[in-house]
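Written below as structure tokens is the structure these notes are about.
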Amino acid sequence: MGKQRVLSGVQPTGTLHLGNYLGAIRNWVEDQNQYDNYFFIADLHAITVPHDPGQLADQTYALAALYLACGLDLEHTTIFVQSHISAHAELAWLFNCITPLNWLERMIQFKEKALKQGENVSIGLLDYPVLQAADILLYQADLVPVGEDQKQHLELTRDIAARLNFQYGSETHPILKLPEPLIRKEGARIMSLTDGTNKMSKSDPSEQSRITLLDTPDEIRNKIKRCKTDPVRGLSFDDPERPECQNLLTLYQLMSGQSKAAVAKECTDMGWGQFKPLLIEVMIEGLRPIQDRYTEWMTQKQELAAVLQKGKDKADAIASDTLGKVKDALGYSHPL
Ligand code: TYM
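Counting along the sequence shown from 1, when you hit position 126 you're at 198 in this note's numbering, and nothing is skipped either side.
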């Protein structure tokens, strides 16, 4: 039996933060040699909220460089840009016509983002999970590694696939594979540094709320020194009254690569004054190699473009095949 196929993506909006890294990319990297991997840059999703056309292409390249800097290995992994493959938008349209509107109106992320946008909500923002379903189902992915906030979108993806299979396929010949979400317990929901009850997010207006993968040592030091804590002495996981403590210990655990038990033991009698320098140290040292590799990739734009071209060719072949199957099932004619 061949390897299972894994697919996931990140939007090229703003610099990636620790939530994106610990919730998603780190897991892609860690398990990549077990799977046949496809990771893409979700640039069609990036225009569902107002964007700067002067920056989109640069941010797309920068994200590709960051994927590679985080350790994606081209021997196991195909990296490509969503907008380079027209099948994503085309399949999304076909899905639009079988997806009930009320499935989309229920989406938590839509409700949250729409609230922030006020009156300027685009149809694209509402339709975003349908495009995401197309992203995944085009590749007949088995597994989709994401953070907790994408769980509902993955459920919708499965519902769309099941609906299409039921309406246009047969039980013995399903058209689309139903993917499984891969959400790790630890790191699936990294919280803001200024409020442990809110998730770390690119759209939080406060820079202080997140550490990005490209923050300098000074920025990391300042953000951790000033981050929200509590007045309790002794640090422990899993106390619902202490969300900041839970979050900062999790960051320390994941960035230091220790087990939860080892961290719990090490920190049990510590105060924040003792803990914060340790966290600062693992953070700076953990991000340094990623930053070094990123800087190097950013000086090799030609190579980066070649990686994305190769990725496009490989991904396009799979995507076209699936799109063709769906169009056949829906009864479309073929050009001569
Ligand atoms: P995006 O760009 O918002 O986030 C990329 C990945 O980072 C995870 N993530 C987090 N994980 C833990 N803690 C956090 N605070 C945190 N914030 C973000 C997200 O869960 C995600 O895995 N819709 C997607 C992109 C996308 C996609 C896809 C993903 C488009 N098509 C198909 C998978 C498959 C998004 O906006 O992710």
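Ideal Cβ positions, reconstructed from N, Cα and C, are used throughout, including at glycine.
Verify whether the separation of the beta carbon atoms of L187 and A205 is less than 8 Å.
-> The residue labelled residue 187 in the question sits at position 115 within the sequence shown. The residue labelled residue 205 in the question sits at position 133 within the sequence shown. When the beta-carbon positions are compared, L187 and A205 stay at least 8 Å from each other.
Under the assumption that W344 contacts T301 (Cβ atoms under 8 Å), give the Cβ distance between them as a whole number of angstroms.
-> The residue labelled residue 344 in the question sits at position 272 within the sequence shown. The residue labelled residue 301 in the question sits at position 229 within the sequence shown. At roughly 5 Å, the Cβ-Cβ gap stays under 8 Å, so W344 and T301 are in contact.
Taking Cβ to Cβ, would you say T335 is nearer than 8 Å to L323?
-> Here residue 335 refers to the residue found at position 263 when the sequence shown is read from its first residue. Here residue 323 refers to the residue found at position 251 when the sequence shown is read from its first residue. Checking the displayed sequence, the identity of residue 335 turns out to be Val instead of Thr. No; because the gap between Cβ atoms is not below 8 Å, this pair is not in contact.
CB of Q204 to nearest heavy atom of the ligand TYM: below 7 Å?
-> Taking the first residue of the sequence shown as 1, we reach residue 204 at position 132. The answer is yes for Q204.
Contact belief for I356 with I292 at Cβ below 8 Å, rounded distance in angstroms = For the purposes of this step, residue 356 is taken as residue 284 along the sequence shown, with counting starting at 1. For the purposes of this step, residue 292 is taken as residue 220 along the sequence shown, with counting starting at 1. Confirmed, about 5 Å.
Are the stretch 199 to 216 and the stretch 236 to 256 touching, with three or more C-beta to C-beta distances below 8 Å?
-> Yes: the two stretches touch, three or more of their Cβ pairs being nearer than 8 Å.
CB-CB under 8 Å to D207, same chain, minus the five flanking residues each way: which ones, in chain order?
-> Along the sequence shown, read from residue 1 onward, the residue named residue 207 stands at position 135. Excluding sequence neighbours, D207 sits near L79, G81, F112, A114, Q154, H160.
Whole angstroms is fine: what's the gap from C299's alpha carbon to S281's?
-> Within the sequence shown, the letter at position 227 stands for residue 299. Within the sequence shown, the letter at position 209 stands for residue 281. Approximately 8 Å between the Cα atoms of the pair.
Does the ligand NAP have a heavy atom nearer than 7 Å to the CB of S242?
-> Looking at this structure, you won't find the ligand NAP anywhere; what it does contain is the ligand TYM.
Three-state secondary structure (DSSP) of Y107 = For this step, residue 107 is matched to residue 35 along the sequence shown. DSSP places Y107 in coil when its eight states are reduced to three.
Which of the three DSSP states, helix, strand or coil, is assigned to H89?
-> Position 17 of the sequence shown, counting from 1, holds the residue named residue 89. Strand.
Measuring from the CB of D221, is there a heavy atom of the ligand TYM at a distance below 7 Å?
-> Numbered from 1 along the sequence shown, position 149 holds the residue referred to as residue 221. The ligand TYM approaches D221 closely enough that one of its heavy atoms is under 7 Å from the residue's Cβ.
In its own chain, which residues sit with a C-beta less than 7 Å from the C-beta of D276, not counting the 5 before and 5 after it?
-> Translated into the one-based positions of the sequence shown, residue 276 becomes position 204. Exclusion of the five residues before and after D276 leaves S264, R282 as the residues of its chain whose Cβ lies within less than 7 Å of its Cβ.
Got a sec? Which residues, its chain only, sit under 8 Å from L197 by beta carbon, not counting five neighbours each side?
-> Here residue 197 refers to the residue found at position 125 of the sequence shown. In its chain, beyond the 5 residues on either side, T120, V121, F182, K185, A186, Q189 have a beta carbon closer than 8 Å to the beta carbon of L197.
Is the Cβ of K348 closer than 8 Å to any Cβ of chain C?
-> Looking at the structure shown, chain C is missing, and only one protein chain is on hand.
Quick one: using the 10 Å Cβ neighbour count with 16 as the cut-off for buried, is C339 buried or exposed?
-> One-based indexing of the sequence shown puts residue 339 at position 267. C339 counts as buried, since no fewer than 16 other beta carbons sit within 10 angstroms of its beta carbon.
Expressed to the nearest angstrom, what Euclidean distance is found between the alpha-carbon atoms of Q318 and P407?
-> Sequence index remark: in the sequence shown, residue 318 carries index 246 (1-based). Sequence index remark: in the sequence shown, residue 407 carries index 335 (1-based). For Q318 and P407, the distance between alpha carbons rounds to 58 Å.
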